[in-house]
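> Take this structure first; my questions come after.
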Amino acid sequence: MTDYQVLVDGTATDPGDWQVEWDDRERGLARLVRNGRSVPVLVEGQGSEWFVTLQGRRVPVTVRTWRERLLAEAETSAQSHAGPITVKATLPGLIVAIAVAVGDDVEQGASLLTIEAMKMQNEVRAPRPGRVVEIAVAAGVAVATGAPLLRLE
Amino acid sequence: VSLRTDTSLPAAPPFRRLLVANRGEIAIRVTRACRELGISPVAVHSDVDADALHVRAADHAEPIGPAAARESYLNIGAVIDAARRSGAEAIHPGYGFLSENATFAAAVEDAGMVFVGPPPSVLEALGNKLAARRSASAAGVPIVPGTTVALEENVAGVAELGFPVMLKAAAGGGGRGMRRVDREADLAAALTAAQREAAAAFGDGTIYVERLVAPARHVEVQLLGDRHGGLAVLGERDCSVQRRHQKLVEESPSPGITGETRQALLESARRVAGTVEFHNAATVEFLVDERQNHYFLEMNTRLQVEHGVTELVTGLDLVAWQIRVAAGEALPAEVLEAPRRGHAIEVRLYAEDPYHDFGPTAGRITTWRMPAGPGVRVDAGMEEDTDLRPEYDPLLVKLLVHADDRPAAVARLRRALDETHVGGLQTDAGFLRWLVDDEAFAAGTYDTDFIADRWRNGPALTEEERSLVAAAATAARRSSPASAPATTLAAGSAWGAAARREGLRR
């Protein structure tokens, strides 16, 4: 059997000796069984990226081969070099306010703009310090998940 | 001559056709009441809802416009036209959307149809929370100390109240336009933000201020009134478990008030109802402080999201009675004096991430398993493979349980949550599952700061939980096809791209 490295919330974790009983493999419904206990879970995902919902909590889990691990680590190190980054919408909604202008220097965590979704106002914050070099949206514009909002350098 | 003495069903259907001016779970709830009463239900839908569950539940459906609620579910002209086209005799607005809109209620009456709700004048009088505060106070009902005029007209009065204070929207509801202000220095900025939010949500940016009552419980009283002066006071619901001033859990009876307080609340609710020519279902909301003092907050003359809690303890169908009362029927003694039995709890599953400040989540529901069994009620507007729309309320389903007493109801709720599986997005189910095991919740000693004080963003995963999710994901990977075809790799995933690059390099 292939050996996998398992990351729960980014930390390497030992799966232990739970047995998995699939109730509906297609919809991801299973139970973990050990010593007369049975714990229902819901599993979604593919490849190396999975979500496991346990007692209502949906936890991201990475299950990767050593080859995938090397690839992922190479990608992370490439991204960490300071360069322009594009801040993207993490949820679909309507841009209601933009708090910065091109040329502004922002701290990490500074409010960049506000997206209204599900009737709530959500602040988009700077993932790291930088200068705003481009703003791709305007107030009143609807955006989809993943839409580029602005660029930081 | 009829020999019927029971009143659980009317002698004849109150209306032939009724249009449900809403979507999601509440549209389905009203549709169900129509079916049981022998009324033909008509649905309305925006373009993106054409295949929605609530549309399929109805006999007939009318399109009313594009996805944006302003252009469809809030579009008075479109809803009235749809009702006319469908031949409906009455319109039930559900909650939210147009349910408390006096202009809409008047337009329904002008079109010769019956509005299942109070007269437009009552909606107007109670829709203004400031005016409602003044009239409740005049009726001898205690109100939270604060201004009875718009804040702009009395900013000096805020300092006299002492901080912290709550800013609230006069046209408000649902927590929008509400801001807690702890220091005078923050007042101006909070006022501007609250005004903007209120203006966007309600088209009226008027803000008033109340002294913060904390710790406090949020307890509300369910009323049902007919057109003949009959008023049923159907007990209370405790709605103190809230985030962003919006309710997540409701139960009846309240575990945190004395019998004396309960009687005082019911009496105050009766008095508030007496200030208006009221008929329909309504809720009078109160805060109850540590010393069991209660303060009137507002009266909502519509069906509440959490009406099912009262239905479980009274055995009454509040929606059916709303419709029957609208048709002119008088409430019988069985309703006016309905006894309450046992304990009921409702929890709301939302598309929200409780581990990140209950922020919104989105996506497609890929798995949907709902609980069943004794004492469990599921009010849902979703199903498997539903795409969540960012335009609408993120409520997925209300789970309700009923049992002989509170410990049994909590045990039943725990069991029901363990039978519930929603896949495709993070929901607040993890919070709810934590809640039923929490000591303060079990003791019933929670207040409106419960989530901020005890949950924050949830506990860290335990070692066993980490190993469980690791085992499940590993088994899932092992049982997926050994070499997944390229099309199943998420198109934009970094790993997919990297794997393809790697594949080419060899």
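Chain order of the listed sequences is A and B. Numbered continuously in this note's numbering, the first sequence closes out at residue 153. Numbered continuously in this note's numbering, the second sequence closes out at residue 659. Built from N, CA and C at the ideal position, the CB exists for glycine as well.
1. If you draw a straight line from the alpha carbon of valine 394 of chain B to that of valine 143 of chain A, how long is it in whole angstroms?
2. Report yes if the CB atom of arginine 477 of chain B is closer than 8 Å to the CB atom of proline 167 of chain B, and no otherwise.
3. Throw me the rounded Cβ distance for the valine 372 of chain B and leucine 418 of chain B pair, which I believe falls under 8 Å.
4. Consider the Cβ of alanine 341 of chain B: report whether some Cβ of chain A lies at a distance smaller than 8 Å.
5. Using the three-state DSSP reduction, which class does proline 15 of chain A fall into: helix, strand or coil?
6. I need the straight-line Cα distance from alanine 97 of chain A to glutamine 121 of chain A, nearest angstrom please.
7. For phenylalanine 316 of chain B versus glutamate 350 of chain B, is the C-beta spacing smaller than 8 Å?
8. DSSP state of arginine 654 of chain B, grouped into three classes?
9. Is the region 447 to 458 of chain B touching the region 294 to 302 of chain B in the sense that three or more CB pairs, one from each, lie closer than 8 Å?
10. With burial defined as no fewer than 16 other Cβ atoms inside 10 Å of the residue's Cβ, what is the status of tryptophan 521 of chain B: buried or exposed?
11. According to DSSP, is valine 425 of chain B part of a helix, a strand, or is it coil?
12. Is alanine 569 of chain B close to chain A, meaning its C-beta is less than 8 Å from at least one C-beta of that chain?
13. Scan the region 379 to 430 of chain B and note each continuous beta strand (DSSP E) run of 3 residues or more that stays entirely inside, going in chain order.
14. Using a Cβ-Cβ cut-off of 8 Å, state whether alanine 644 of chain B counts as contacting chain A.
15. Could you round the C-beta distance between alanine 235 of chain B and glutamate 215 of chain B to whole angstroms and report it? I think they count as a contact, below 8 Å.
16. Any contact of the region 406 to 414 of chain B with the region 608 to 625 of chain B, i.e. 3+ C-beta pairs under 8 Å?
17. In whole angstroms, what separates the C-alpha of valine 154 of chain A from that of phenylalanine 51 of chain A?
18. Any idea what DSSP makes of leucine 570 of chain B, helix, strand or coil?
19. Taking the continuous beta strand (DSSP E) assigned at valine 173 of chain B, which residues delimit it?
20. Expressed to the nearest angstrom, what Euclidean distance is found between the alpha-carbon atoms of alanine 210 of chain B and glycine 310 of chain B?
21. Under 7 Å between beta-carbons, which chain B residues line up against valine 33 of chain A? List them in chain order, please.
22. Can you find at least 3 beta carbon pairs, one from the region 132 to 139 of chain A and one from the region 179 to 188 of chain B, that sit closer than 8 Å?
23. Can you check DSSP and say which residues form a bridge with leucine 152 of chain A?
24. How about arginine 364 of chain B: is its C-beta nearer than 8 Å to some C-beta of chain A?
25. Which residues share a DSSP beta bridge with methionine 319 of chain B?
26. With a cut-off of 8 Å on the beta carbons, I'd call alanine 126 of chain A and leucine 149 of chain A a contact; round off their distance for me.
27. Determine, using beta carbons only, whether alanine 12 of chain A and glutamate 21 of chain A come nearer to each other than 8 Å.
28. Determine, using beta carbons only, whether threonine 519 of chain B comes closer than 8 Å to chain A.
29. Taking only beta-carbon positions, decide if proline 513 of chain B is within less than 8 Å of chain A.
30. Taking only beta carbons into account, state which residues of the region 541 to 553 of chain B come closer than 8 Å to chain A, listed in chain order.
31. Report the option in B/Glu482, B/Arg397, B/Val425, B/Glu413 whose CA atom is closest to the CA atom of glutamine 375 of chain B.
32. What are the boundary residues of the alpha helix (DSSP H) that includes alanine 260 of chain B?
33. What three-state label does DSSP hand isoleucine 192 of chain B in the structure shown?
34. For aspartate 105 of chain A, which residues from the same chain have a beta carbon less than 7 Å from its beta carbon, with the 5 sequence-adjacent residues on both sides left out?
35. Grab the span of the beta strand (DSSP E) containing valine 437 of chain B for me, first residue to last.
36. Report the option in B/Leu585, B/Ala483, B/Pro527, B/Arg567 whose CA atom is closest to the CA atom of serine 161 of chain B.
Looking at the atomic coordinates:
1. Translated into the one-based positions of the second sequence, residue 394 of chain B becomes position 241. Translated into the one-based positions of the first sequence, residue 143 of chain A becomes position 143. Those two C-alpha atoms are separated by around 32 Å.
2. The sequence position of residue 477 of chain B within the second sequence is 324, counting from 1. The sequence position of residue 167 of chain B within the second sequence is 14, counting from 1. With contacts defined as CB atoms closer than 8 Å, arginine 477 of chain B and proline 167 of chain B qualify as a contacting pair.
3. Numbered from its first residue, the second sequence carries residue 372 of chain B at position 219. Numbered from its first residue, the second sequence carries residue 418 of chain B at position 265. Sure, about 6 Å apart at Cβ, within 8 Å.
4. Position 188 of the second sequence, counting from 1, holds the residue named residue 341 of chain B. When Cβ-Cβ separations below 8 Å define contact, alanine 341 of chain B makes no contact with chain A.
5. Locating residue 15 of chain A in the first sequence gives position 15, where the first residue counts as 1. If DSSP states are grouped into helix, strand and coil, proline 15 of chain A belongs with coil.
6. In the first sequence, counting from the first residue as 1, residue 97 of chain A sits at position 97. In the first sequence, counting from the first residue as 1, residue 121 of chain A sits at position 121. Between the alpha carbons of alanine 97 of chain A and glutamine 121 of chain A lies a distance of about 10 Å.
7. Sequence index remark: in the second sequence, residue 316 of chain B carries index 163 (1-based). Sequence index remark: in the second sequence, residue 350 of chain B carries index 197 (1-based). With contacts defined as CB atoms closer than 8 Å, phenylalanine 316 of chain B and glutamate 350 of chain B fail to qualify as a contacting pair.
8. As a first step, residue 654 of chain B is located in the second sequence; it is residue number 501 there, counting from the start. In this predicted model, arginine 654 of chain B has a pLDDT of only 44, less than 50, meaning its place in the structure is not dependable; the value taken from the coordinates is given anyway. In this structure, arginine 654 of chain B counts as helix in the three-state DSSP scheme.
9. Segments in contact, yes.
10. As a first step, residue 521 of chain B is located in the second sequence; it is residue number 368 there, counting from the start. Taking all protein chains in view, the Cβ of tryptophan 521 of chain B is crowded by 16 or more other Cβ atoms within 10 Å, so the residue is classified as buried.
11. Looking up residue 425 of chain B in the second sequence gives position 272. Reduced to three states, the DSSP call for valine 425 of chain B is helix.
12. Position 416 of the second sequence holds residue 569 of chain B. Under the 8 Å criterion on CB atoms, alanine 569 of chain B is classed as non-interfacial with respect to chain A.
13. Assignment of beta strand (DSSP E) within the region 379 to 430 of chain B, counting only whole runs of 3 or more residues, yields 384 to 396, 399 to 405 in chain order.
14. Here residue 644 of chain B corresponds to residue number 491 of the second sequence, with the count starting at 1. The predicted model places alanine 644 of chain B with a pLDDT of 39, which falls under 50 and marks its position as unreliable; any figure quoted below should be read in that light. Chain A contact via Cβ: absent.
15. Counting from one through the second sequence, the residue named residue 235 of chain B turns up at place 82. Counting from one through the second sequence, the residue named residue 215 of chain B turns up at place 62. With 8 Å as the limit, alanine 235 of chain B and glutamate 215 of chain B qualify as a contact, their Cβ atoms being about 4 Å apart.
16. Verdict: no, contact absent.
17. Summary: the structure shown does not reach residue 154 of chain A, with chain A confined to residues 1 through 153, and so no result is reported for it.
18. Working through the second sequence from its first residue, we reach residue 570 of chain B at position 417. In the displayed model, leucine 570 of chain B falls within a helix according to three-state DSSP.
19. Residue numbering aside, residue 173 of chain B sits at position 20 when the second sequence is read from its first letter. DSSP places valine 173 of chain B in the uninterrupted beta strand (DSSP E) bounded by 170 to 173.
20. As a working mapping, residue 210 of chain B is identified with position 57 in the second sequence. As a working mapping, residue 310 of chain B is identified with position 157 in the second sequence. Pairing alanine 210 of chain B with glycine 310 of chain B, the inter-Cα distance amounts to about 52 Å.
21. Reading the first sequence from its first residue, position 33 is the one you call residue 33 of chain A. In chain order: nothing, as chain B lies at least about 10 Å away.
22. Inter-segment contact for the region 132 to 139 of chain A and the region 179 to 188 of chain B is absent: fewer than three beta-carbon pairs are separated by less than 8 Å.
23. Looking up residue 152 of chain A in the first sequence gives position 152. In the DSSP output, where bridge partners are listed per residue, leucine 152 of chain A has A/Ile85, A/Val132.
24. As a working note, residue 364 of chain B is residue 211 in the second sequence. Interface annotation, arginine 364 of chain B: not in contact with chain A, CB-CB separation never under 8 Å.
25. For the purposes of this step, residue 319 of chain B is taken as residue 166 along the second sequence, with counting starting at 1. For methionine 319 of chain B, which the question treats as bridged, DSSP gives the partners B/Arg333, B/Glu363.
26. Taking the first residue of the first sequence as position 1, residue 126 of chain A is located at position 126. Taking the first residue of the first sequence as position 1, residue 149 of chain A is located at position 149. 11 Å between Cβ atoms; not a contact.
27. For the purposes of this step, residue 12 of chain A is taken as residue 12 along the first sequence, with counting starting at 1. For the purposes of this step, residue 21 of chain A is taken as residue 21 along the first sequence, with counting starting at 1. For alanine 12 of chain A and glutamate 21 of chain A, no; Cβs fall outside 8 Å.
28. Locating residue 519 of chain B in the second sequence gives position 366, counting from the first residue. Output row for threonine 519 of chain B: interface = yes.
29. Taking the first residue of the second sequence as position 1, residue 513 of chain B is located at position 360. Interface residue, yes.
30. Only those residues of the region 541 to 553 of chain B whose C-beta falls short of 8 Å from the nearest C-beta of chain A are listed: Pro543, Tyr545, Asp546, Pro547.
31. In the second sequence, residue 375 of chain B corresponds to position 222, counting from 1. Relative to the Cα of glutamine 375 of chain B, the nearest Cα in the group B/Glu482, B/Arg397, B/Val425, B/Glu413 belongs to B/Val425.
32. Stepping through the second sequence from its first residue, residue 260 of chain B is reached at position 107. According to the DSSP assignment, alanine 260 of chain B belongs to the alpha helix (DSSP H) that extends over 255 to 263.
33. Numbered from 1 along the second sequence, position 39 holds the residue referred to as residue 192 of chain B. In the structure shown, isoleucine 192 of chain B sits in coil (DSSP, three-state: anything other than H, G, I, E or B).
34. As a position in the first sequence, residue 105 of chain A is number 105, starting the count at 1. Closer than 7 Å at the Cβ level, and outside the excluded window around aspartate 105 of chain A, lie Arg131.
35. Stepping through the second sequence from its first residue, residue 437 of chain B is reached at position 284. 433 to 442 is the extent of the beta strand (DSSP E) around valine 437 of chain B.
36. Locating residue 161 of chain B in the second sequence gives position 8, where the first residue counts as 1. Considering only alpha carbons, the answer is B/Ala483.
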